[in-house]
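Engineer:
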Amino acid sequence: YALIIASPNEINVFDMEGNVLYLLTTGGWSYAACDITMDADGNAYTETGANVLKKYDSSGNLLVTHYRESSSVWFESLNIGPDGYLYTLEGRSSGSAIAKRNTADLTIIEDAVTLTIGYYGGGICLDSNGNFYIYSWSADEIQKWSSAGVKLAS
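Per this note's numbering, the sequence shown starts with residue 3, numbered consecutively.
#1: Could you give the C-beta distance for residue 91 and residue 79, rounded to a whole number, given that I count them as a contact under 8 Å?
#2: Determine which residues share a DSSP beta bridge with residue 81 and list them.
#3: With DSSP run on the structure shown, which of helix, strand or coil describes residue 18?
#4: So, for residue 67: in the same chain, excluding its five sequence neighbours on each side, which residues have a beta-carbon less than 6 Å away from its beta-carbon?
#5: Closest by CA to residue 148, which one among 46, 16, 105, 129?
#6: Am I right that residue 151 and residue 137 are in contact with their C-beta atoms under 8 Å? What's the rounded C-beta distance?
#7: Within the same chain, show all residues whose beta-carbon is closer than 7 Å to that of residue 99, passing over the 5 residues directly before and after it, in chain order.
#8: Give the DSSP-derived three-state secondary structure of residue 32 in the structure shown.
#9: Take residue 82 as the anchor and find which of 154, 97, 44, 20 has the nearest alpha-carbon.
#10: Name, in chain order, the residues that DSSP records as bridge partners for residue 108.
#11: Given that a residue counts as buried once 16 or more other Cβ atoms are within 10 Å of its Cβ, and exposed if not, what is residue 71?
#12: How should residue 69 be labelled, buried or exposed, when 16 other C-beta atoms within 10 angstroms of its C-beta is the threshold for buried?
#13: Is it buried or exposed, residue 49, if we count other Cβ atoms within 10 angstroms and call 16 or more buried?
#14: Here's the rule: buried if 16 or more other CB atoms are within 10 angstroms of the residue's CB, otherwise exposed. What is residue 245?
#15: Rounded to the nearest angstrom, what separates residue 22 and residue 108 at their Cα positions?
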């Protein structure tokens, strides 16, 4: 699958040949979607830009809407890990963190990594070993963090 945010209110889902499978009309967002990812079952996850996580099934039906835990949390990026969990890169009033989330209801299971001081955003990736790759725009570098929260490289 390929996912493209077409406008603040639309997400297009394509197959590998470029055919449109369906269009998610999210409707009424006050901000454009910031990030999107898909799991092995074809479910799409997005962050609306208004700090709301949403999960859609492979047919484009909305399954879950999850509002941020507090006003001092904002979502920067998200991705599915090799373990099947959803990981969100979050800004918080106390700093930044990577939260491990349940894909059934999008609630936090645990903070996987608490990041050092700095500003993060722009993307999160995970490798097959569960290491995190994130972009720190305050340091202008890509950083690699272990699943145990140890900074491995920058």
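Glycine included, C-beta positions come from ideal geometry on N, C-alpha and C.
Structural biologist: Answer, in terms of the structure:
#1: Numbered from its first residue, the sequence shown carries residue 91 at position 89. Numbered from its first residue, the sequence shown carries residue 79 at position 77. About 4 Å separates the two Cβ atoms, so the contact holds.
#2: Stepping through the sequence shown from its first residue, residue 81 is reached at position 79. In the DSSP output, where bridge partners are listed per residue, residue 81 has 89.
#3: Here residue 18 corresponds to residue number 16 of the sequence shown, with the count starting at 1. Coil, per DSSP.
#4: Indexing the sequence shown from 1 puts residue 67 at position 65. Contacts found: 56.
#5: For this step, residue 148 is matched to residue 146 along the sequence shown. If we check each option's Cα against that of residue 148, 129 comes out closest.
#6: Here residue 151 refers to the residue found at position 149 when the sequence shown is read from its first residue. Here residue 137 refers to the residue found at position 135 when the sequence shown is read from its first residue. Residue 137 and residue 151 do not touch by the CB rule: their CB atoms are close to 18 Å apart, not below 8 Å.
#7: Reading the sequence shown from its first residue, position 97 is the one you call residue 99. Once the five neighbours on either side are set aside, the close Cβ partners of residue 99 are 92, 113, 115, 116, 117.
#8: As a first step, residue 32 is located in the sequence shown; it is residue number 30 there, counting from the start. Bear in mind that the predicted position of residue 32 carries a pLDDT of just 49, short of 50, making it unreliable; the figure below should be weighed with that in mind. The answer is coil: DSSP assigns residue 32 none of H, G, I, E or B.
#9: Sequence index remark: in the sequence shown, residue 82 carries index 80 (1-based). The shortest Cα separation from residue 82 among 154, 97, 44, 20 belongs to 44.
#10: Position 106 of the sequence shown, counting from 1, holds the residue named residue 108. BP columns for residue 108 are empty, so no partner.
#11: Within the sequence shown, numbered from 1, the residue matching residue 71 stands at position 69. Of the residues assessed, residue 71 falls on the exposed side of the cut-off, its CB having fewer than 16 other CB atoms within 10 angstroms.
#12: Position 67 of the sequence shown, counted from the start, is the residue given in the question as residue 69. Counting Cβ neighbours within 10 Å, residue 69 comes out exposed, since fewer than 16 surround it.
#13: Counting from 1 along the sequence shown, the entry for residue 49 is found at position 47. Answer is buried; the Cβ neighbour count reaches 16.
#14: Past the edges of the chain, shown from 3 to 156, lies residue 245, and the structure says nothing about it.
#15: In the sequence shown, counting from the first residue as 1, residue 22 sits at position 20. In the sequence shown, counting from the first residue as 1, residue 108 sits at position 106. If I take the Cα positions, the gap works out to 27 Å.
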